[in-house]
Amino acid sequence: MTTATATGSRRAVTPRPPARTSVKPGTRSDARKAMWLRIAFLVFALALWQVLVFTGVLNERFVSSPIAVLQAIPQLAVDPQAIRAVGETLAAFAAAFGIGTSLGVVVGVVFGLNSLLREAYYPLIMLLMVVPKSVFLPLLVLFFGLGTAPGIAFGALLAFVHVVVNVVAGMDLVPQKYRDVGRAYNASSTRLFFDVILPGAAPGIFAGLWHGIRNGFIGVVIAQLFVSTAGIGYLVRIYSNNFQIDDAMALTLVMAALVILTGSVWSRLEARLTRWRQ
Amino acid sequence: MSLLSVENLTVTYGAGTKDELVACENINLSIREGEFVTVIGPSGCGKSTLLHTMGGLITPTAGRIAFDGASVTKPNPHNAAFVFQDYSLFPWKSVAENAGMGLRFAGGSKAEAAQQAKEQLAFVGLQDFGDRYPRELSGGMQQRVAIARALALQPKVLLMDEPFGALDEQTRRNLGTDLTAILSEAGQSVVMITHSLDEAIFWADRIIVMSARPGRIAEEITVSEPRPRQLEFMTTPEFQEIRVHLFEQLEFHQAEAAARAKAAA
């Protein structure tokens, strides 16, 4: 305790830091239990699927089986067509994410800084947000043809809309008191932007980037599933049409793994960049 | 000599509209070099408006603010630096960065800001906490950082808006006695808004009592006890006398405001 004895001395007595928060007891073992429950469910579902196929209740021709899907994965891993499809999808995703997210962040930040532009154009973005964006697919095909381009365009569109909405929300969340500090200390608008507004909006911007990843991927794959003649989506469509259900499912699994991998790399990066929040 | 002076100041919000609100009316006040002035008054009496106008954050509707004789039209933290009620430290910056941020905003170089931050953090007793983030510090410690941030500009006046308002009684008192020493040594003039009678008296060379809205200066009380003061000062007859007087004054202004609100309704 720093008391009156400090009065008159050169320095105030150094107070102790508050104890760092520790993990609540039981949390770890709860997480472990939850994991086992999850695994048990998955094993049960897969076993049930296999048994239903085995006993002839389900027709393997239409629904495949866990063992068949598992067997299909190593074959796909060396199938040049599948490898090329994964490459095409990743490339299209990178392009869609890059275009949609960068435009989205810029537009979101501009809306956050300029209330006139926001008032004028934000409703249009909200309109885009509510319209099911798949209605644009046929138009995009007309504009961009059947190759990878419509997938990129559709992914970019989806990413853009979601990024803008999240970034604007993030900009709104920068507390006025931080801007007041900037003003009281005569901060230039550049300093204010880089030291206050941008880091203050970081949670929203990061959420926006994550939505950009997710929606960019969704857009690319949906476009490939329905209109493009390239990428994983297209290949899944071909496999399904040819009743290669095991291949279709194996490819779907690969796709899921890719998204999960991207997600975990992302959340690691985010945690590093926003260390101050933990 | 008068350092910062408030001349015939009136601040009206929404002038000319039906929501017109006179926050401060015809206020005259001058702060001398090295003087500690506390401002107390019923809530909503325009204390904060007065302080913000003195710091150049609000433009006067009538009258003017002068610093060393020159009109104040925008914040100049080298003259008068703010300490806010809720610390307002940037959670994404380390304690040392926060302490240097005011100077950085005001145009100081990175090296200069780091040097000042280090010195001022040591001055407020937080030399070992520069690498921490604000969330790791207690409220009292965070407010010290905010004070260090203001002191880093070596301002001639500190403008403090209820700096201890968000702290509990115990922390307030400890921080209060520590800061008595710190601020006396730093030698700045200080204008501090407070809700606490004890704080208003304990710190002040001069207490400004404001009336309910529209805020006017109702009374000025001089506290003769030399600073820095020990906690024992609070038990002296002078302290007690002023306290009783202040209490009655505030009750009166509060009751007056309530009666006026009732009449208006």
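Respectively, the protein sequence lines represent chains A and B. Residue numbers for the first sequence follow the working numbering, so the first one is 847 and each next one is one higher. Residue numbers for the second sequence follow the working numbering, so the first one is 3 and each next one is one higher. Backbone N, C-alpha and C define an ideal beta-carbon position, used for all residues, glycine too. Predicted model only: the values in this text are computed from it and were never measured.
Whole-angstrom C-beta distance between residue j and residue i, which should lie under 8 Å
{"i": "Val1042(A)", "j": "Tyr1024(A)", "result": "5 Å"}
{"i": "Arg208(B)", "j": "Val39(B)", "result": "5 Å"}
{"i": "Val924(A)", "j": "Ile971(A)", "result": "Actually they are not in contact, since the Cβ atoms of Val924(A) and Ile971(A) sit about 44 Å apart, beyond 8 Å."}
{"i": "Pro216(B)", "j": "Cys26(B)", "result": "7 Å"}
{"i": "Arg1138(A)", "j": "Phe1089(A)", "result": "Because chain A here runs from 847 to 1124, residue 1138(A) falls outside it and cannot be looked at."}
{"i": "Glu212(B)", "j": "Trp205(B)", "result": "In the sequence as displayed, the identity of residue 212(B) is Met instead of Glu. The Cβ separation is near 17 Å, so there is no contact."}
{"i": "Val147(B)", "j": "Pro157(B)", "result": "The Cβ separation is near 16 Å, so there is no contact."}
{"i": "Ala83(B)", "j": "Leu6(B)", "result": "That pair is no contact at about 12 Å."}
Bounding residues of the beta strand (DSSP E) (the contiguous stretch that carries residue i)
{"i": "Asn30(B)", "result": "Leu23 to Arg34"}
{"i": "Tyr15(B)", "result": "Ser4 to Tyr15"}
{"i": "Gly65(B)", "result": "Ala64 to Phe69"}
{"i": "Phe1089(A)", "result": "Looking at the DSSP string, Phe1089(A) is not in any beta strand (DSSP E), and its letter there is neither H nor E."}
{"i": "Ile209(B)", "result": "Arg208 to Met212"}
{"i": "Val192(B)", "result": "Ser191 to Ile195"}
Cutoff 8 Å: residue i Cβ touching any chain B Cβ
{"i": "Trp1122(A)", "result": "yes"}
{"i": "Asn1032(A)", "result": "yes"}
{"i": "Val1042(A)", "result": "yes"}
{"i": "Ser868(A)", "result": "With a pLDDT of only 46 at Ser868(A), under the threshold of 50, the placement of this residue in the model should not be trusted; the figure read from the coordinates follows. Ser868(A) does not count as touching chain B."}
{"i": "Val1013(A)", "result": "no"}
{"i": "Gly933(A)", "result": "no"}
{"i": "Asp1026(A)", "result": "yes"}
{"i": "Lys879(A)", "result": "no"}
{"i": "Ala1048(A)", "result": "yes"}
{"i": "Lys1023(A)", "result": "yes"}
{"i": "Pro912(A)", "result": "no"}
{"i": "Arg1118(A)", "result": "no"}
Per-residue DSSP class, three states only, for residue i
{"i": "Asp180(B)", "result": "helix"}
{"i": "Ile1064(A)", "result": "helix"}
{"i": "Thr1120(A)", "result": "coil"}
{"i": "Thr849(A)", "result": "Bear in mind that a pLDDT of 39 at Thr849(A), under 50, signals an unreliable position, so the model cannot answer this."}
{"i": "Phe957(A)", "result": "helix"}
{"i": "Arg146(B)", "result": "helix"}
{"i": "Ser948(A)", "result": "helix"}
{"i": "Ser1035(A)", "result": "helix"}
{"i": "Glu99(B)", "result": "helix"}
{"i": "Gly1001(A)", "result": "helix"}
{"i": "Phe254(B)", "result": "helix"}
{"i": "Ser45(B)", "result": "coil"}
{"i": "Val899(A)", "result": "helix"}
{"i": "Phe92(B)", "result": "coil"}
{"i": "Asn905(A)", "result": "coil"}
{"i": "Leu160(B)", "result": "strand"}
{"i": "Ala875(A)", "result": "The sequence shown places Ser at residue 875(A), rather than the Ala named in the question. Helix, per DSSP."}
{"i": "Gly217(B)", "result": "strand"}
{"i": "Thr75(B)", "result": "coil"}
Cutoff 8 Å: residue i Cβ touching any chain A Cβ
{"i": "Asp207(B)", "result": "no"}
{"i": "Asp88(B)", "result": "yes"}
{"i": "Leu59(B)", "result": "yes"}
{"i": "Phe166(B)", "result": "no"}
{"i": "Phe84(B)", "result": "yes"}
{"i": "Pro79(B)", "result": "yes"}
{"i": "Pro93(B)", "result": "yes"}
{"i": "Gly189(B)", "result": "no"}
{"i": "Gly48(B)", "result": "no"}
{"i": "Gly18(B)", "result": "no"}
{"i": "Tyr135(B)", "result": "yes"}
{"i": "Leu108(B)", "result": "The sequence shown places Ala at residue 108(B), not Leu. So yes, Ala108(B) belongs to the interface."}
Continuous alpha helix (DSSP H) stretch holding residue i: start and end
{"i": "Val1027(A)", "result": "Gln1022 to Ala1030"}
{"i": "Val1073(A)", "result": "First-last for Val1073(A): undefined, no H or E at that position."}
{"i": "Ala83(B)", "result": "That residue, Ala83(B), is in no alpha helix (DSSP H); its beta strand (DSSP E) goes Ala82 to Val85."}
{"i": "Met236(B)", "result": "No alpha helix (DSSP H) contains Met236(B), which DSSP labels as neither H nor E."}
{"i": "Asp200(B)", "result": "Leu199 to Trp205"}
{"i": "Leu139(B)", "result": "Here Leu139(B) belongs to no alpha helix (DSSP H), and DSSP marks it neither H nor E."}
{"i": "Val924(A)", "result": "Pro912 to Val924"}
{"i": "Gln227(B)", "result": "According to the sequence shown, residue 227(B) is Glu rather than Gln. Taken as a continuous stretch (DSSP letters only), Glu227(B) belongs to no alpha helix (DSSP H), as it is neither H nor E."}
{"i": "Glu121(B)", "result": "Lys112 to Phe125"}
{"i": "Val981(A)", "result": "It is not in any alpha helix (DSSP H) - Val981(A) carries neither H nor E in the DSSP assignment."}
With contact counted as at least three CB pairs below 8 Å, one residue from each stretch, are the segment 238–249 of chain B and the segment 209–229 of chain B in contact? yes
Can we say the segment 48–61 of chain B touches the segment 1081–1098 of chain A, given the rule of at least three CB pairs closer than 8 Å? no
Any chance the segment 1104–1111 of chain A sits against the segment 950–963 of chain A, with 3 or more Cβ pairs inside 8 Å? no
Quick one: any contact between the segment 1044–1059 of chain A and the segment 116–130 of chain B, if contact means 3 or more CB pairs under 8 Å? no
Under 8 Å: do the segment 1057–1073 of chain A and the segment 110–121 of chain B share three or more Cβ pairs, one atom per stretch? no
Mind the definition here: the segment 89–103 of chain B touches the segment 64–77 of chain B only if three or more C-beta pairs lie below 8 Å; say whether that holds. no
Pair every Cβ in the segment 1003–1020 of chain A with every Cβ in the segment 938–955 of chain A, then say whether three or more of these pairs are closer than 8 Å. yes
Any chance the segment 33–53 of chain B sits against the segment 158–175 of chain B, with 3 or more Cβ pairs inside 8 Å? yes
Contact between the segment 934–943 of chain A and the segment 986–1001 of chain A is defined here as three or more beta-carbon pairs at a separation below 8 Å; is this criterion met? yes
Does the segment 163–179 of chain B come close enough to the segment 1108–1124 of chain A that 3 or more CB-CB pairs lie under 8 Å? no
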